[in-house]
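Residue numbers (UniProt numbering): 1 to 597.
This is the structure:
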């Protein structure tokens, strides 16, 4: 901004509002690719400005070679930057061509510089060949394997997720615009618009071509991303995934805002010649907008005491018996447990196996040797076992469990829906957030299982204390719901199992007592607890046990059903529940009258 406009205030405005925006701040303190991508976006834009301002052919040649190298290097970090490169490269080449500075030799040098930037990719086949990493992605020892990894073919090239359906392109753009307004503020967006308008004015400015280039980059990226982002951003967690990619466009908006401020001051100085107020207003507006960003976002982005995901992983690992095998599923348990286990060395006796990865043909050939003590009866997990058309020996989950009888096997979180063969000889018993795969012939003792799972975790986070779009909220929700999983399992067993009336009564009683203890121990808890507890009270009432107070059970049923309908307004069964409550109220009144009589 300073190079293009000569305005230090404009440069500080651009850097300040972007650096202290919530998203930039949030992802600069996370181990993700987005901060480095921000650096490369800024670097490419700075080199573009330097190239435009270069006064000699020698300087332009030097900057263009450095830019070509940085283009290649930036692609080693995050592929979305290719959309900016697709705009910058033709623009630079056209500028060189117009100045008759684009010779075949120079074009070759630019190509070599670009390839030099891609050299970090050589690490992938080298690492894959040595096969020393305990966790990796893909088999890059072959060109096809490298290409599959490079293009992210398992997820779909330029898709955010596999087998997901997102919002429409228009909805995505509207969400992005609203997010920019929230992140950068309305005055910043207005200043960015001023930069575009000033570039379109008849009085040609030297910086106009660069402004149009940056605007084109912003439009291309926003349109392309809105087209390819296949996640439903009406769901808070998916919105949190998508909005990280809007950082790349916000960086351009911030630069345009800085240029817009400089353009506004330039127009003002033309109208108000010799006014001493303009520089003061320029600096005051800059400081006001930057300080406003810091003031607004500091409390949200101060994560110095945030250990939620770390505690989530440590609690899960600590709860496991010695030598257990954990079949991981999902980003949260997968990444969190792997980091604490592999990088920090926690619970080396445990083996982590990724369910999704086992369905990929490269996973077991590459990583099975790093999973000691676990037997794999084939090279790939598939619901239909046997030899696949490509010659791969496949096995299903039932076969895997049979050959690993010597191990206690747990699943976190949930099992792959495509393979239900485990049901032939195994059951899933709740184990906190996870479940344990237990042979079907093992008799379930509800009292013993309640005792074993009651205090699995030391979890002290308040319920609902995190933004719904954050992974912390997901971890917190899982840990809170884990408190009730055993009670829910026992209640479901009472509802569905083919057992005697006496055993069914015992199961309902265990479930009711467990629900009662949990609900009364935590005043602020998940909404569904009210519904589950109310149903458990109703079932106890129908059992007509001598040791149960019918009036107390009816009162609790009515109370918690009403609490549930108040808090879960979007439940389609809400009206049915309220009708049932009216019936229960009449029953309660009749019971009270009977006692009075």
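Glycine is no exception: its CB is placed at the ideal position from the N, C-alpha and C atoms.
Would you call the stretch 297-311 and the stretch 409-427 touching, i.e. three or more CB-CB distances under 8 Å?
-> The answer is no - the stretch 409-427 does not touch the stretch 297-311, with fewer than three Cβ pairs under 8 Å.
In whole angstroms, what is the alpha-carbon distance linking residue 75 and residue 82?
-> Residue numbering aside, residue 75 sits at position 75 when the chain shown is read from its first letter. Residue numbering aside, residue 82 sits at position 82 when the chain shown is read from its first letter. Our two residues, residue 75 and residue 82, have alpha carbons roughly 7 Å apart in a direct line.
If I'm right that residue 13 touches residue 257 with Cβ under 8 Å, what's the distance once you round it to whole angstroms?
-> Taking the first residue of the chain shown as position 1, residue 13 is located at position 13. Taking the first residue of the chain shown as position 1, residue 257 is located at position 257. Confirmed, about 6 Å.
Hey, how far is the Cα of residue 290 from the Cα of residue 127?
-> Looking up residue 290 in the chain shown gives position 290. Looking up residue 127 in the chain shown gives position 127. Taking C-alpha positions only, residue 290 is separated from residue 127 by approximately 44 Å.
Which residue from 503, 474 and 432 puts its Cα closest to that of residue 446?
-> Working through the chain shown from its first residue, we reach residue 446 at position 446. Nearest C-alpha to residue 446: 503.
Closer than 8 Å by C-beta to residue 306: which residues in its own chain qualify, once you throw out the five before and the five after it? Chain order, please.
-> Sequence index remark: in the chain shown, residue 306 carries index 306 (1-based). Correct list, in chain order: 472.
Can you tell me whether residue 406 is buried or exposed, with buried defined as 16 or more other CB within 10 angstroms of its CB?
-> Mapped onto the chain shown, residue 406 falls at position 406. Residue 406 comes out exposed.
DSSP state of residue 380, grouped into three classes?
-> Mapped onto the chain shown, residue 380 falls at position 380. DSSP places residue 380 within a strand segment (E or B) once states are collapsed to three.
Short CB-CB distance (under 8 Å) between residue 382 and chain C | In the displayed structure, chain C is absent; only one protein chain is listed.
Start-to-end residues for the beta strand (DSSP E) that takes in residue 56 = The residue labelled residue 56 in the question sits at position 56 within the chain shown. In the DSSP assignment, residue 56 falls outside any beta strand (DSSP E) and carries neither an H nor an E.
Quick one: measure Cβ to Cβ for residue 537 and residue 512, integer angstroms, because I've assumed they're closer than 8 Å.
-> The residue you call residue 537 lines up with position 537 of the chain shown. The residue you call residue 512 lines up with position 512 of the chain shown. Their Cβ separation, rounded to whole angstroms, is 7 Å, which keeps residue 537 and residue 512 in contact under 8 Å.
Beta strand (DSSP E) containing residue 326: first to last residue?
-> Residue 326 sits at position 326 when you count from the first residue of the chain shown. 325-328 is the extent of the beta strand (DSSP E) around residue 326.
Return the CA-CA distance between residue 200 and residue 11, expressed in angstroms with no decimal places.
-> By one-based count along the chain shown, residue 200 stands at place 200. By one-based count along the chain shown, residue 11 stands at place 11. Near 21 Å, if we compare the C-alpha coordinates of residue 11 and residue 200.
Sequence-distant residues of its chain with Cβ nearer than 6 Å to residue 313 (five each side left out) | As a first step, residue 313 must be located in the chain shown, where it is residue number 313. A distance below 6 Å between beta-carbons, with the five flanking residues on each side excluded, links residue 313 to the following residues of its chain, in chain order: 336, 337 and 340.
Determine the closest residue to residue 442 out of 584, 267, 304 and 425, with distance taken between C-alpha atoms.
-> Residue 442 sits at position 442 when you count from the first residue of the chain shown. The residue from 584, 267, 304 and 425 with its alpha-carbon nearest to that of residue 442 is 425.
Please list, in chain order, all residues of the same chain as residue 309 whose beta carbon is under 8 Å from its beta carbon, the five residues on each side excluded.
-> Taking the first residue of the chain shown as 1, we reach residue 309 at position 309. Hits under 8 Å: 332, 336, 471, 472 and 475.
What do you get for residue 347, buried or exposed, if any count of 16 or more other CB atoms within 10 angstroms of its CB means buried?
-> For the purposes of this step, residue 347 is taken as the residue at position 347 of the chain shown. The residue in question, residue 347, is buried, as its Cβ has 16 or more Cβ neighbours within 10 Å.
Segment contact flag, the stretch 40-50 with the stretch 276-283, C-beta cutoff 8 Å, min 3 pairs | Under the Cβ criterion (8 Å, minimum of three pairs), the stretch 40-50 does not count as touching the stretch 276-283.
Measure the alpha-carbon distance for residue 102 versus residue 224 and round it to whole angstroms.
-> Locating residue 102 in the chain shown gives position 102, where the first residue counts as 1. Locating residue 224 in the chain shown gives position 224, where the first residue counts as 1. Near 30 Å, if we compare the C-alpha coordinates of residue 224 and residue 102.
Should residue 20 be labelled buried (16 or more other beta-carbon atoms within 10 Å of its own) or exposed?
-> Numbered from its first residue, the chain shown carries residue 20 at position 20. Residue 20 comes out buried.
Touching by the beta-carbon criterion (3+ pairs, under 8 Å), the stretch 344-361 and the stretch 142-152 = As far as the Cβ criterion goes, the stretch 344-361 does not touch the stretch 142-152, which means the pair count is below three.
How would you write the range of the beta strand (DSSP E) that residue 409 sits in, first residue to last?
-> The count along the chain shown starts at 1 and reaches residue 409 at position 409. It spans 409-412 - the beta strand (DSSP E) in which residue 409 sits, taken as one unbroken run.
Under 8 Å, do residue 191 and residue 115 count as touching if we go by C-beta distance?
-> Numbered from 1 along the chain shown, position 191 holds the residue referred to as residue 191. Numbered from 1 along the chain shown, position 115 holds the residue referred to as residue 115. At least 8 Å separates the beta-carbon of residue 191 from that of residue 115.
Which residues in the same chain as residue 580 place their Cβ atom closer than 8 Å to its Cβ, once the five residues preceding and following it in sequence are excluded?
-> Locating residue 580 in the chain shown gives position 580, counting from the first residue. A distance below 8 Å between beta-carbons, with the five flanking residues on each side excluded, links residue 580 to the following residues of its chain, in chain order: 561.
Taking only the alpha-carbon atoms, compute the straight-line gap between residue 2 and residue 183 and give it to the nearest angstrom.
-> Within the chain shown, numbered from 1, the residue matching residue 2 stands at position 2. Within the chain shown, numbered from 1, the residue matching residue 183 stands at position 183. Distance between the alpha carbons of residue 2 and residue 183 is about 23 Å.
Spell out the partners DSSP gives residue 436 in its beta bridges.
-> Here residue 436 corresponds to residue number 436 of the chain shown, with the count starting at 1. As DSSP reads the structure, residue 436 sits in a beta bridge with 410 and 429.
Apply the 10 Å Cβ neighbour rule to residue 533 and answer buried if 16 or more other Cβ atoms are within range, or exposed otherwise.
-> Sequence index remark: in the chain shown, residue 533 carries index 533 (1-based). In this structure residue 533 is buried. Its beta-carbon is surrounded by 16 or more other beta-carbon atoms within 10 angstroms.
Neighbour-count burial assignment, residue 583, 16 or more Cβ in a 10 Å radius = Residue numbering aside, residue 583 sits at position 583 when the chain shown is read from its first letter. Within a 10 Å sphere around the beta-carbon of residue 583 sit fewer than 16 other beta-carbons, which makes this residue exposed.
Can you tell me whether DSSP reads residue 394 as helix, strand or coil?
-> As a first step, residue 394 is located in the chain shown; it is residue number 394 there, counting from the start. Of the three classes helix, strand and coil, the one that applies to residue 394 here is strand, per DSSP.
Does the Cβ-Cβ distance between residue 160 and residue 252 come in under 8 Å?
-> Numbered from 1 along the chain shown, position 160 holds the residue referred to as residue 160. Numbered from 1 along the chain shown, position 252 holds the residue referred to as residue 252. With respect to residue 252, residue 160 sits apart: the two C-beta atoms are not nearer than 8 Å.
Measure the alpha-carbon distance for residue 73 versus residue 379 and round it to whole angstroms.
-> Residue mapping note: residue 73 aligns to position 73 of the chain shown, counting from 1. Residue mapping note: residue 379 aligns to position 379 of the chain shown, counting from 1. When rounded, the distance between both Cα atoms is 35 Å.
For the beta strand (DSSP E) containing residue 353, list its first residue and its last residue.
-> Here residue 353 refers to the residue found at position 353 of the chain shown. Run containing residue 353: 351-354, per the beta strand (DSSP E) assignment.
Per the contact definition of three or more C-beta pairs closer than 8 Å, is the stretch 477-493 in contact with the stretch 432-439?
-> Yes: at least three Cβ pairs fall under 8 Å.
Secondary structure at residue 386, three-state DSSP: helix, strand or coil?
-> Here residue 386 is taken as the residue at index 386 of the chain shown, counted from 1. Under the three-state reduction of DSSP, residue 386 is assigned to strand.
By DSSP, does residue 122 sit in helix, in strand, or in coil?
-> Mapped onto the chain shown, residue 122 falls at position 122. Helix.
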